[in-house]
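See below for the structure under consideration.
Number of protein chains: 2
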Amino acid sequence: MGEEVILLDFWPSMFGMRLRIALAEKGVKHERKEEDLLIGKSPLLLQLNPVHKKIPVLVHNGKPINESMIAVQYIDEVWNEKSPSLLPSDPYQRAQARFWADFIDKKLYDECRKIYTTKEAEIGEETYKGFLEIIKVLEAEVGEKSYFGGDTFGFVDVALIPFYSWFYALEMLGKFNIETECPKLIAWAKRCMERESVSKSLPDRHKIYDFITLQLRKALGVDQ
Amino acid sequence: MGEEVILLDFWPSMFGMRLRIALAEKGVKHERKEEDLLIGKSPLLLQLNPVHKKIPVLVHNGKPINESMIAVQYIDEVWNEKSPSLLPSDPYQRAQARFWADFIDKKLYDECRKIYTTKEAEIGEETYKGFLEIIKVLEAEVGEKSYFGGDTFGFVDVALIPFYSWFYALEMLGKFNIETECPKLIAWAKRCMERESVSKSLPDRHKIYDFITLQLRKALGVDQ
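The listed protein sequences derive, respectively, from chains A and B.
Mapped onto UniProt numbering, the consecutive letters of the first sequence carry residue numbers 1 to 224.
Mapped onto UniProt numbering, the consecutive letters of the second sequence carry residue numbers 1 to 224.
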């Protein structure tokens, strides 16, 4: 079957990384098109995601799939014979996986954003407290398990692990140490990083730090 | 099979209505427990949804499922032999359905909330404009179709139709008429209301109006 798979992506995007991981897990060959969102949005992006105008966009045989975890589910469903499913087969476990991915989307991103959009001198206890509260919930949820779903790498791991590539920059900006507070979460992250699908999909943490401090914060007007 | 299905609900909740509709569509017998959120949250609710502390909660044989559209998917998957599936069988159509349900959750609720949490004298063009922008996207999406997915009532319809029960109150508060701007959306809503699963799950619009003006706005400190 002649298949065309294109990924509209932006390299530091946590949401783009999710699709890179899912495609790697399933061994789906694809073409990656880089969008530099600090410069602007391409006509192709605006055409393929007219509602949200955001990356990532997965384009499968010309049809766009938007919203990262919806695209991860799509990848999991379409290429379901190539590797174990990312979502559990049991409906209750599947609902739980969807719940935690949704929790990450609703809660974690905003708390990360608060840190990197605050001037360094103003990042206080409160900023860290909000972030810490969320990652402590995740720390408790992963507990002693290998992965969020249990023994195998799955849906919630794909949803969360990209944030790990931003943790170093957040720690540097906020002068805190995540591992001290959430050792199980960091142990989980290191386990995930041993997978080639993950390590090849996440940029180097120093590169993310440079992106945030040298480009993103300037573009957002946080730093002059 | 001895099954126990409990729905923790609050009668004016759009999110609770979604589960009522899905359970009715599938003919799932259940016990409904009313939570009066204006008074407080029961120990049972806090125990079953410790993360978000929100209704609705679906409890199936003692196990809680939180977040309304995740619970709707669960209902669709578990009782999948009782009626046609709410989600399409084609992965791309399924991704599209999830996209639109997600759009409603991310965009529509906030715009509705802006209207009913604004003092009546201060509800201006801007408040209505934001709301109108979102429902016009939905108007364009439903277009000439019978339902959002095509010919059959499905996932996006379940996600959206509960908002219709709040439209009358929003129109009264904002002094606007939705049908003038979005005739196709209102025609769709009226079609949905012809289904017993919907009409029996949605409270009367005047009752919602009374709830918002006599109770909710007072509780939120909008009106004295």
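Beta carbons are placed, not taken as given, at the ideal position from N, Cα and C, and that holds for glycine.
Using the beta-carbon of each residue, which ones in chain B are nearer than 7 Å to P91 of chain A? Here residue 91 of chain A refers to the residue found at position 91 of the first sequence. Result: Y74, E77, V78.
Looking only at C-alpha atoms, which of B:T118, B:V156, B:S201 sits nearest to G27 of chain B? Within the second sequence, the letter at position 27 stands for residue 27 of chain B. Comparing Cα positions, the closest option is B:S201.
So, is the C-beta of E67 of chain A closer than 8 Å to a C-beta in chain B? Taking the first sequence and counting its residues from 1, the one referred to as residue 67 of chain A is at position 67. At least one chain B Cβ lies under 8 Å of E67 of chain A.
What is the DSSP secondary structure of K33 of chain B, reduced to helix, strand or coil? For the purposes of this step, residue 33 of chain B is taken as the residue at position 33 of the second sequence. Correct three-state label for K33 of chain B: strand.
Can you tell me whether I75 of chain A is helix, strand or coil according to DSSP? By one-based count along the first sequence, residue 75 of chain A stands at place 75. Helix at I75 of chain A.
Residue span of the beta strand (DSSP E) that contains I65 of chain B, given as start and end: Here residue 65 of chain B corresponds to residue number 65 of the second sequence, with the count starting at 1. Per DSSP, I65 of chain B is one residue of the beta strand (DSSP E) stretching across 63 to 66.
Would you call Q224 of chain A buried or exposed, if buried means 16 or more other Cβ atoms sit within 10 Å of its Cβ? Indexing the first sequence from 1 puts residue 224 of chain A at position 224. Exposed.
Mind checking if F10 of chain A is an interface residue toward chain B, Cβ cutoff 8 Å exclusive? As a position in the first sequence, residue 10 of chain A is number 10, starting the count at 1. Taking CB atoms only, F10 of chain A has no neighbour in chain B less than 8 Å away.
Along chain E, which residues have their Cβ under 7 Å away from the Cβ of K63 of chain B? Looking for chain E here will not work: the only protein chains present are A and B.
Among B:V5, B:A140, B:A71, B:M172, the one whose alpha carbon lies nearest that of D210 of chain B: Along the second sequence, read from residue 1 onward, the residue named residue 210 of chain B stands at position 210. Among B:V5, B:A140, B:A71, B:M172, the Cα nearest to that of D210 of chain B belongs to B:M172.
Give a yes or no on whether the minimum CB-CB distance between A95 of chain B and chain A is below 8 Å. Position 95 of the second sequence holds residue 95 of chain B. Against chain A, the CB of A95 of chain B has a partner CB under 8 Å away; the residue lies at that interface.
What are the residues of the stretch 116 to 138 of chain A that lie near chain B, defined by any Cβ-Cβ distance shorter than 7 Å? Result list: V137.
Let me check one thing: in DSSP terms, what residues is D9 of chain B bridge-paired to? Along the second sequence, one-based indexing puts residue 9 of chain B at 9. Answer is B:E34.
Can I70 of chain A and L23 of chain A be called in contact, C-beta distance under 8 Å? Position 70 of the first sequence, counted from the first residue, corresponds to residue 70 of chain A. Position 23 of the first sequence, counted from the first residue, corresponds to residue 23 of chain A. Inclusion of I70 of chain A and L23 of chain A in the CB contact set at 8 Å is not warranted, their separation being larger than that value.
Contact criterion: CB-CB distance below 8 Å. Does V148 of chain A meet it with respect to chain B? Indexing the first sequence from 1 puts residue 148 of chain A at position 148. A small fix is needed here, since residue 148 of chain A is Phe in this sequence, not Val. Chain B contact via Cβ: absent.
Cut-off 8 Å between Cβ atoms - residues of its own chain near K53 of chain B, not counting five sequence neighbours on either side: Residue mapping note: residue 53 of chain B aligns to position 53 of the second sequence, counting from 1. Apart from sequence neighbours up to five positions away, the residues of its chain that approach K53 of chain B with a beta-carbon distance below 8 Å are K41, L45, L46, ordered along the chain.
Exposed or buried, what is D157 of chain B when buried is set at 16 or more other beta-carbons lying within 10 Å of its beta-carbon? Here residue 157 of chain B refers to the residue found at position 157 of the second sequence. Looking at its Cβ environment, which holds 16 or more other Cβ atoms inside 10 Å, D157 of chain B is buried.
Figure out for me which residue from A:N49, A:V142, A:D90 has the closest Cα to the Cα of Q96 of chain B. For this step, residue 96 of chain B is matched to residue 96 along the second sequence. Of the listed residues, the one whose Cα sits closest to Q96 of chain B is A:N49.
Does the stretch 206 to 220 of chain A come into contact with the stretch 7 to 15 of chain B, if we say contact requires no fewer than three beta-carbon pairs (one atom in each stretch) closer than 8 Å? Too few Cβ pairs lie closer than 8 Å, so no.
I need the DSSP call for K198 of chain B, collapsed to helix, strand or coil. Locating residue 198 of chain B in the second sequence gives position 198, where the first residue counts as 1. Per the sequence presented here, residue 198 of chain B reads as Val, with Lys not at that position. In the structure shown, V198 of chain B sits in a helix (DSSP, three-state: H, G or I).
Please report the straight-line C-alpha distance between G154 of chain B and P88 of chain B, rounded to a whole angstrom. Here residue 154 of chain B refers to the residue found at position 154 when the second sequence is read from its first residue. Here residue 88 of chain B refers to the residue found at position 88 when the second sequence is read from its first residue. Counting only the Cα atoms, P88 of chain B lies some 8 Å from G154 of chain B.
Would you please state the rounded distance, in angstroms, between the beta carbons of L19 of chain B and P56 of chain B? I believe it to be under 8 Å. To locate residue 19 of chain B, count along the second sequence from 1; it is residue 19. To locate residue 56 of chain B, count along the second sequence from 1; it is residue 56. Correct: roughly 5 Å between the Cβ atoms.
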